[in-house]
Amino acid sequence: MVLKKCVKCNKNITKTKPGLTCSRCNKIVHSDTNCVKLSNKQLNTLRNSPGIEWSCEDCQKNISRRSSFIIPDDDDVDNDSDDGSVNTVQALDTKKLVKEISRELKKTFREEIANLESSLEFLSDQITTMEQSLRNQENTIKKLENRNEDLVNKNKNLELRVTVLEQGVRISEQKSLSRSVEIAGMPDIITKDVPQVIQKVASKLELNEHDIQTSQKMSGSKEKPGPILIELKTALIRKQWVDAGKEKCLTVGDVLPNAPKEKAEHRIFIREALTKHFKTLLYNAKMQLNKSYKYIWCRDSKVLVRKDDNGKIIYIRSQQDINLLSKPKPN
Numbered sequence: 001m002v003l004k005k006c007v008k009c010n011k012n013i014t015k016t017k018p019g020l021t022c023s024r025c026n027k028i029v030h031s032d033t034n035c036v037k038l039s040n041k042q043l044n045t046l047r048n049s050p051g052i053e054w055s056c057e058d059c060q061k062n063i064s065r066r067s068s069f070i071i072p073d074d075d076d077v078d079n080d081s082d083d084g085s086v087n088t089v090q091a092l093d094t095k096k097l098v099k100e101i102s103r104e105l106k107k108t109f110r111e112e113i114a115n116l117e118s119s120l121e122f123l124s125d126q127i128t129t130m131e132q133s134l135r136n137q138e139n140t141i142k143k144l145e146n147r148n149e150d151l152v153n154k155n156k157n158l159e160l161r162v163t164v165l166e167q168g169v170r171i172s173e174q175k176s177l178s179r180s181v182e183i184a185g186m187p188d189i190i191t192k193d194v195p196q197v198i199q200k201v202a203s204k205l206e207l208n209e210h211d212i213q214t215s216q217k218m219s220g221s222k223e224k225p226g227p228i229l230i231e232l233k234t235a236l237i238r239k240q241w242v243d244a245g246k247e248k249c250l251t252v253g254d255v256l257p258n259a260p261k262e263k264a265e266h267r268i269f270i271r272e273a274l275t276k277h278f279k280t281l282l283y284n285a286k287m288q289l290n291k292s293y294k295y296i297w298c299r300d301s302k303v304l305v306r307k308d309d310n311g312k313i314i315y316i317r318s319q320q321d322i323n324l325l326s327k328p329k330p331n
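Quick note, the sequence shown lines up with residues 1 to 331 if you use the UniProt record's numbering.
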């Protein structure tokens with residue numbers, strides 16, 4: 001490998017003694033104060049700033065004035081005062097360099113600040129848009145909540161009205177049975193024998209059989225035959241039949257002398273005729289309230305309960321009433 005030599009001292013350029021290359025003629029000199037005729041500060045600046053161009057003495061003599069990257073001399077300038085003529089030739093326009101650097105920095109800063117301001121303005125617009133969107137969503141949610149609340153209230157009102165209407169229909173259906181009684185507990189008998197059985201029951205109860213308007217055998221199951229439904233002339237007569245049935249305590253054998261022995265002693269019940277709804281209501285009341293209420297019965301087509309002998313009589317209108325009474329009360 002051929003080593004390059006300094007054009008000033010004609011010595012080799014090495015790692016320990018690096019050189020500078022002229023940007024115009026490509027001549028190489030040692031990067032020290034003797035060969036390059038620069039101060040230590042200027043040399044350090046050239047080492048640390050790759051973008052600064054350097055020209056040798058010969059090239060500087062051939063140009064009247066040149067803009068270069070030169071760092072002003074420090075105290076070492078006094079040491080080079082003897083070389084004033086050389087320094088004058090290679091003096092760099094420091095003020096112009098500073099102005100150019102300052103101008104470039106200002107231009108760069110203005111561009112960066114403009115970009116930053118543009119970004120901030122964009123972000124501000126985005127935030128404003130998001131805030132407005134959030135406000136719109138909050139207003140929409142609030143409107144939906146209010147609408148939902150209105151719908152809930154309307155639904156509750158409709159449910160209440162439907163419940164009232166259903167109760168009205170059920171009461172109306174029950175009123176159609178206000179003069180009717182059921183004879184339950186009888187074994188399964190054929191339809192043609194129903195009139196004779198009813199006459200026998202009326203006779204045993206010591207009641208007038210001519211108060212009977214109509215009678216029919218209701219459907220049932222093999223295990224539990226259906227009751228006999230009797231329509232009487234008035235509600236007062238119905239009460240007489242129910243009271244007499246409780247007082248006489250008739251059995252199957254009293255009405256059917258030829259009944260099998262295992263059925264003859266079965267009790268016959270005479271009770272108010274109820275619709276399916278009120279039968280279910282009475283049954284559920286007995287199942288759910290029998291542990292907390294001593295008396296559960298039906299009178300005048302109404303399901304009633306009483307906690308004890310001195311307790312208040314409570315009228316059961318719906319399953320909700322049963323559920324409410326079955327809940328344990330807080331201490």
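In this text, a Cβ means the ideal position worked out from N, Cα and C, and glycines have one as well.
Here residue 293 is buried, its C-beta having at least 16 other C-beta atoms within 10 Å. Using a Cβ distance threshold of 9 angstroms, residue 270 and residue 244 count as a contacting pair.
Straight through space, the alpha carbons of residue 215 and residue 232 are spaced by roughly 9 angstroms.
In the structure shown, the three-state DSSP call for residue 210 is helix. With distances taken between CA atoms, residue 15 lies nearest to 31 out of 9, 31, 24. Short of 7 angstroms from the beta carbon of residue 178, and not among the five residues preceding or following it, lie these beta carbons of its own chain, in chain order: 235, 301. Counting C-beta pairs with one atom in each stretch, the segment 309–321 and the segment 280–293 have three or more that are closer than 8 angstroms, which means they touch. Judged by DSSP in its simplified three-state form, residue 295 adopts strand. By the beta-carbon neighbour count (other beta carbons within 10 angstroms, threshold 16), residue 114 is exposed.
Residue 220 places its beta carbon less than 9 angstroms from that of residue 188.
For the set 166, 298, 289, 46, the Cα lying nearest the Cα of residue 328 is the one of 289.
Contact between residue 59 and residue 6 is ruled out by a C-beta separation of about 16 angstroms, above the 8 angstroms threshold.
For residue 304, the enclosing beta strand (DSSP E) starts and ends at 302–306.
Per the C-alpha coordinates, the member of 152, 257, 17, 144 positioned closest to residue 36 is 17. The continuous beta strand (DSSP E) containing residue 182 extends over residues 180–184. For the set 312, 315, 170, the Cα lying nearest the Cα of residue 275 is the one of 170. In the three-state reduction of the DSSP assignment, residue 103 falls in the helix class. DSSP, read as helix, strand or coil, puts residue 19 in strand.
Using a Cβ distance threshold of 9 angstroms, residue 272 and residue 238 count as a contacting pair. Between residue 181 and residue 255, the CB-CB gap reaches or exceeds 9 angstroms. Straight-line spacing of the CA atoms in residue 196 and residue 203 works out to 11 angstroms. Residue pairing of residue 216 in beta bridges, as defined by DSSP: 229. It is roughly 16 angstroms from the alpha-carbon of residue 160 to the alpha-carbon of residue 149. Under the DSSP assignment, residue 28 falls outside any alpha helix (DSSP H), being part of the beta strand (DSSP E) whose first and last residues are 28–30.
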